[in-house]
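Engineer: Below you'll find the structure I mean.
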Amino acid sequence: MATTTAYLRVSTDKQTLENQRNEILRFVNRKGIKVDKWVEEVVSGKVRDSDRKLGIILKKTRKGDTIIVSELSRLSRTLLDIMSIMHSLLEKGVTLYSVKESFCLADNINSKVILFAFGLAAAGCEAAKYHRKCDRDC
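Under the working numbering, the letters of the sequence shown match residues 94 to 231, in that order.
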């Protein structure tokens, strides 16, 4: 049976999960989606997803499942990591909703094009980092 998981993350205990929860609640009420599981954690986005509760979610999701986040940055701090997570979900047939960006990643051509664009952006970011490093080292 397909499950819907809402994932909420803040970086420090001085931040609150309440805003994310409220955004997701408004979204699911508007869309008529039932959230089966709420997963919350206080951990830096710099920590690898495999070392966070997110890693468990990503391992356990199956085709037809749904993950909802308040915004894509809740998945990771780097574009490359976000892109990798999105690619993995797309390959598994998992739907990803990001409320703030009004974004839905599903098994359709639009999602594949968006993921390709993310890939280009990530490659551009990595190239820029490389060039900045080369400039410093020269």
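Think of the CB as a built atom: it goes at the ideal place given N, C-alpha and C, for glycine as much as any other residue.
1. Between the segment 163-176 and the segment 186-201, do at least 3 Cβ pairs fall closer than 8 Å?
2. With contact counted as at least three CB pairs below 8 Å, one residue from each stretch, are the segment 118-134 and the segment 94-106 in contact?
3. Let me make sure I understand the geometry here. Which of 147, 145, 156, 96 has the alpha-carbon closest to that of residue 185?
4. Check residue 162 in the structure and name its three-state DSSP category.
5. Is the beta carbon of residue 97 sitting closer than 8 Å to the one on residue 159?
6. Could you give the DSSP three-state label for residue 110: helix, strand or coil?
7. According to the neighbour-count rule (16 or more other Cβ atoms, all chains shown, within 10 Å of its Cβ), is residue 149 buried or exposed?
8. Residue 119 to residue 127, Cα distance in whole Å?
9. Under a three-way DSSP split, which group does residue 177 fall into?
10. Does DSSP classify residue 143 as helix, strand or coil?
11. Spatial neighbours of residue 175 within its chain, please: C-beta separation below 6 Å, excluding the five flanking residues on both sides.
12. Which same chain residues end up closer than 6 Å to residue 112 when comparing Cβ atoms and leaving out the 5 residues on each side of it in sequence?
13. Write down the C-beta distance between residue 189 and residue 182 rounded to the nearest angstrom, noting that I regard them as a contact closer than 8 Å.
Structural biologist: So, from the listed chains and residues:
1. yes
2. yes
3. 156
4. Looking at residue 162 - three-state DSSP - the assignment turns out to be strand.
5. yes
6. coil
7. exposed
8. The straight-line gap from Cα to Cα measures roughly 12 Å.
9. helix
10. helix
11. 165, 168, 169
12. none
13. 5 Å
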